[in-house]
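> Starting off with a structure, shown below.
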């Protein structure tokens, strides 16, 4: 059975929460569950509009989709969200240039289907922690082509420059992943407000420690804020459990 918990926090360095999250561990359209984290960007209030518009559009599209394959459902929903965000941006000068990252997951049996645009992440955590998604960011491209190493990337001055976002271009390109999750595995979806503040190994230590999913989520947020909390912090924890569903 799946257990899940979601939390979002404004952090210490922002006056507005531009992240938006969605969690449903019951069916949405043809998908048995849906988990989404989005991290908006733009001028005053534009980022929070972008993340909310994108997530709400994705959920609406999933609900009405007649597609059967999860990747097809998610791809069409992301395309629709991109078009809608572009439309809203064009209609209102105050929303001009807004965009958002998005990472989406749905669990079907032991298979997890994942889609992402931008640098919000999905991790698989068991005896190790593995980042499944690949950041669409300038710094990630520099790491992959060997210009800088992973350690230098953590505090690089251009760390926040992303190369793909919903709303940024007329055509959006998402990445898709499929992985197997087993009993005891945990899945983490999160915005970079968490990963910029907390090292991966520390995230793993908290997730594999004692406590409910709620307590672990709150500890991750607390740790990010204790380390500076420079950005909004949003995360969803999913656990594949052999037990009955536990509501935190």
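In the numbering used here, the protein residues as written are 386 to 633.
Every residue, glycine too, gets a C-beta built ideally from N, C-alpha and C.
(1) Distance, Cα to Cα, residue 465 vs residue 601?
(2) What's the call for residue 632, buried or exposed, on a 16-neighbour Cβ count within 10 Å?
(3) Less than 8 Å between the CB atoms is what I'm expecting for residue 499 and residue 487, so what's the real figure, rounded?
(4) For residue 400, which of 621, 617, 622 has the nearest alpha-carbon?
(5) Using a Cβ distance threshold of 8 Å, determine whether the region 425 to 434 contacts the region 475 to 487, with at least three qualifying pairs required.
(6) For the region 395 to 462, which segments carrying the alpha helix (DSSP H) assignment without a break, of at least 4 residues, lie completely within its bounds, in sequence order?
(7) If residue 413 sits next to residue 460, beta carbons under 8 Å apart, how far is it from one beta carbon to the other, in whole angstroms?
(8) Quick check: residue 582 and residue 538, are their CB atoms within less than 9 Å of each other?
(9) What do you get for residue 467, buried or exposed, if any count of 16 or more other CB atoms within 10 angstroms of its CB means buried?
(10) Taking the Cβ atom as the reference point for each residue, do residue 416 and residue 491 lie within a distance shorter than 9 Å?
(11) Would you mind working out which of 574, 525, 510, 393 sits nearest residue 590, comparing C-alpha positions?
Per the coordinate set shown:
(1) Residue mapping note: residue 465 aligns to position 80 of the chain shown, counting from 1. Residue mapping note: residue 601 aligns to position 216 of the chain shown, counting from 1. Roughly 34 Å separates the two Cα atoms.
(2) The residue labelled residue 632 in the question sits at position 247 within the chain shown. Low confidence applies here, because residue 632 scores a pLDDT of 44, under 50, leaving its location unreliable; read the following figure in that light. Residue 632 counts as exposed, since fewer than 16 other beta carbons sit within 10 angstroms of its beta carbon.
(3) On the chain shown, residue 499 is found 114 positions in, with the first residue counted as 1. On the chain shown, residue 487 is found 102 positions in, with the first residue counted as 1. Not quite, the Cβ-Cβ distance comes to about 11 Å (not below 8 Å), so this is no contact.
(4) Counting from one through the chain shown, the residue named residue 400 turns up at place 15. Residue 400 has its Cα closest to that of 617, out of 621, 617, 622.
(5) Per the Cβ contact rule, the region 425 to 434 is in contact with the region 475 to 487 (3 or more Cβ pairs under 8 Å).
(6) With a minimum length of 4 residues, the continuous alpha helix (DSSP H) runs that stay inside the region 395 to 462 are 431 to 449.
(7) Taking the first residue of the chain shown as position 1, residue 413 is located at position 28. Taking the first residue of the chain shown as position 1, residue 460 is located at position 75. With a Cβ gap of about 16 Å, residue 413 and residue 460 do not count as contacting.
(8) Here residue 582 is taken as the residue at index 197 of the chain shown, counted from 1. Here residue 538 is taken as the residue at index 153 of the chain shown, counted from 1. No.
(9) Within the chain shown, residue 467 is the residue found at index 82, counting from 1. Residue 467 comes out buried.
(10) Start at 1 with the first residue of the chain shown, and residue 416 comes out as number 31. Start at 1 with the first residue of the chain shown, and residue 491 comes out as number 106. For the 9 Å CB-CB criterion, residue 416 and residue 491 form a contact.
(11) Here residue 590 is taken as the residue at index 205 of the chain shown, counted from 1. It is 510 whose Cα lies nearest to the Cα of residue 590.
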